[in-house]
Amino acid sequence: MEIDLNEINIIGAGIMRPEGVMVQKDGTVLAADARGQIAKISPYGKTSFYGDVGGTPNGICLDGEGNCIIANIGNGRCQSLSRDGTHSVLMTEAEGKRIPTPNFPFVDSKDRLWVSNSSYREDIEDAIQNPAPDGCIVLIKKGRARIVAEGIYFANGVALNVDESNLYVAATTQRVVLQYKIETDGSLTSPEVYGPSPLAELGYPDGIAFDEAGNLWVTFPAWNAIGFITPEEELVMVLEDPRGIILKRPTNICFGWKNLETAFIGSLDGTGIPNFRVPYPGMKLVHQ
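When we follow my numbering, the leftmost residue of the sequence shown carries the number 5, and every step to the right adds one.
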């Protein structure tokens, strides 16, 4: 299946590096902003900003109370930003190890927070240009952070399936998505590649998110493209924009608005949020 670029709308304006995106239950769209804040876009398109978290907010999610959880890749902090604009630091290290490149957070139904750390190296560009298996997944539960998976090539987007039996992470520089089994104590075991390996020549996956049909949607910034991995582990491409007319290095995807039938796209180079109708509603997250 393919979606015509003419069917894509853009909501919001004036956002700097809206890498992460999430939609509140009331239809408000939130996006990371590189100036150390979060953009808030009303369903009618009015854009405002709140928070002062410093660094460079990257991936975001929402917890059950509506706090915006931020993986701040610019200052090495995982932060919780409340609706009133105040914030707290949830993590800077785990088990005595510095977590310098938090990339994406995911809150599950058990109030566990999963965070990808792209690399133990402070220099992100070095981690991208010189791939090595030095990324990890951190689990934060009841305020305690522990490393539950290591050896990942630039750990990026994170998602859990509907019954929360497995965790998926985009291993960007390996050009694959990895699947882990979640044990009862939160440990991750039995890693294996999920879907094609590699995904494609320019198939460096960034953000991932499930729809209710079990398709795992994937954004590809180097390809300027979006597709999904079916339950049969086949890659189906949905959007390709080689000239970057609408997709400007897409990084993350989430679902929202009526019946979660609209996809919203974060990006590295955009200033607004592209959105389009999808064939299957998104999988409901804890805040929805």
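Glycine included, each C-beta is placed from N, C-alpha and C at the ideal position.
Continuous alpha helix (DSSP H) stretch holding residue i: start and end
i      : result
Gln133 : 128-133
Residue j beta carbon less than 8 angstroms from that of residue i
i      : j      : result
Pro106 : Val119 : yes
Asn256 : Gly49  : no
Gly199 : Ile249 : no
Gly16  : Gly211 : no
Ala324 : Ser122 : The chain is shown from 5 up to 292; residue 324 falls before or after that span and cannot be answered.
Gly2   : Gly40  : The displayed coordinates of the chain run from 5 to 292. Any statement about residue 2 would go beyond what the structure contains.
Lys145 : Arg102 : no
Val111 : Val290 : yes
Pro297 : Gly24  : Within the shown structure, residues of the chain are numbered from 5 to 292, placing residue 297 beyond reach of any answer.
Leu251 : Asn228 : yes
Phe189 : Val282 : Just to set this straight, residue 189 is Asp in the shown sequence, not Phe. No, the Cβ-Cβ distance between Asp189 and Val282 is not below 8 angstroms.
Where the beta strand (DSSP E) containing residue i begins and where it ends
i      : result
Val57  : No beta strand (DSSP E) holds Val57; DSSP gives it neither H nor E.
Val152 : 148-156
Val25  : 25-27
Tyr198 : 192-198
Pro278 : 277-281
Pro285 : No beta strand (DSSP E) holds Pro285; DSSP gives it neither H nor E.
Ile233 : 229-233
Val2   : Past the boundaries of the shown model lies residue 2; the chain is included only from 5 to 292, so the question cannot be answered.
Met95  : 91-95
Tyr184 : 180-186
Thr223 : 220-224
Pro106 : 106-111
Pro209 : Pro209 -> no beta strand (DSSP E), and no H or E assigned at all.
Ile74  : 72-76
Arg253 : Arg253 -> no beta strand (DSSP E), and no H or E assigned at all.
Contact belief for residue i with residue j at Cβ below 8 angstroms, rounded distance in angstroms
i      : j      : result
Ile19  : Ala43  : 5 angstroms
Tyr184 : Ala153 : 6 angstroms
Ala213 : Gly286 : 7 angstroms
Min CB distance residue i to chain C below 8 angstroms
i     : result
Ile19 : Going by chain labels, chain C is absent from the structure shown, which holds only one protein chain.
Local Cβ density within 10 Å of residue i, reported as buried at 16 or more and exposed below that
i      : result
Thr223 : buried
Val142 : buried
Gly231 : buried
Ile26  : Residue 26 is actually Met in this sequence, not Ile. When all chains shown are included, Met26 counts as buried.
Gln133 : exposed
Val181 : buried
Pro235 : exposed
Asp8   : exposed
Asp167 : exposed
Val162 : buried
ask   = Given 8 angstroms as the limit, is there contact between the stretch 93-100 and the stretch 138-158, that is, 3 or more CB pairs closer than that?
value = Result yes; three or more Cβ-Cβ pairs closer than 8 angstroms.
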